[in-house]
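Asks: Under this note's numbering, think of the first position of the sequence shown as 13, with each following residue one higher.
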Amino acid sequence: MPIRGKRKGMKITRKKKCRFCMNPDMEISYKNEKMVQRYISDRGKIVAKRVSGNCARHQRMVAKELKIARFLALAPYIREHYR
């Protein structure tokens with residue numbers, strides 16, 4: 013397994029695995045409110061691939077579904093306390 017942080021004083025962390033590759037039955041949908049909230053940051057931005065641990069393919073799918081959810085007003089463009 014790849015290990016990050018080879019410099020002195022850095023925390024050694026393992027690379028996250030893509031949740032959707034590990035469990036192919038998991039559905040990426042704008043209707044799934046828990047999934048949508050998981051990939052939106054505290055400021056309302058889409059969480060980066062390196063943070064979420066998704067592969068490139070699934071990160072694109074997640075971003076597409078989040079944009080649909082925002083358009084349909086199922087997810088906010090920005091969080092309430094930043095307006």
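All residues carry an ideal CB built from backbone N, CA and C; glycine is no exception.
1. According to DSSP, simplified to helix, strand and coil, what is I80?
2. When you compare only the Cα positions, how much space is there between K76 and A60?
3. In terms of alpha-carbon separation, which member of R62, I40, I58 lies closest to P88?
4. Starting from E45, trace the alpha helix (DSSP H) in both directions and tell me its first and last residue.
5. Over the uninterrupted alpha helix (DSSP H) stretch that includes K61, give me the two end residues.
6. Thinking just about the alpha-carbon of each residue, which of M73, E92, N35, A85 is nearest to the one in Y51?
7. With a threshold of 16 other CB atoms inside 10 Å of the CB of M34, please say whether the residue is buried or exposed.
Replies: Considering the structure as presented:
1. In the sequence shown, the residue the question calls residue 80 occupies position 68. Of the three classes helix, strand and coil, the one that applies to I80 here is helix, per DSSP.
2. For the purposes of this step, residue 76 is identified with residue 64 of the sequence shown, where counting begins at 1. For the purposes of this step, residue 60 is identified with residue 48 of the sequence shown, where counting begins at 1. If you draw a straight line from the Cα of K76 to the Cα of A60, it is about 13 Å long.
3. Residue 88 sits at position 76 when you count from the first residue of the sequence shown. When R62, I40, I58 are compared, the shortest CA-CA separation from P88 is found for I58.
4. Within the sequence shown, numbered from 1, the residue matching residue 45 stands at position 33. Counting along the chain, E45 sits inside the alpha helix (DSSP H) bounded by residues 45-50.
5. For this step, residue 61 is matched to residue 49 along the sequence shown. Note, K61: alpha helix (DSSP H), 61-64.
6. Residue mapping note: residue 51 aligns to position 39 of the sequence shown, counting from 1. Considering only alpha carbons, the answer is M73.
7. Against the sequence shown, residue 34 aligns to sequence position 22. Exposed: under 16 other Cβ atoms inside 10 Å.
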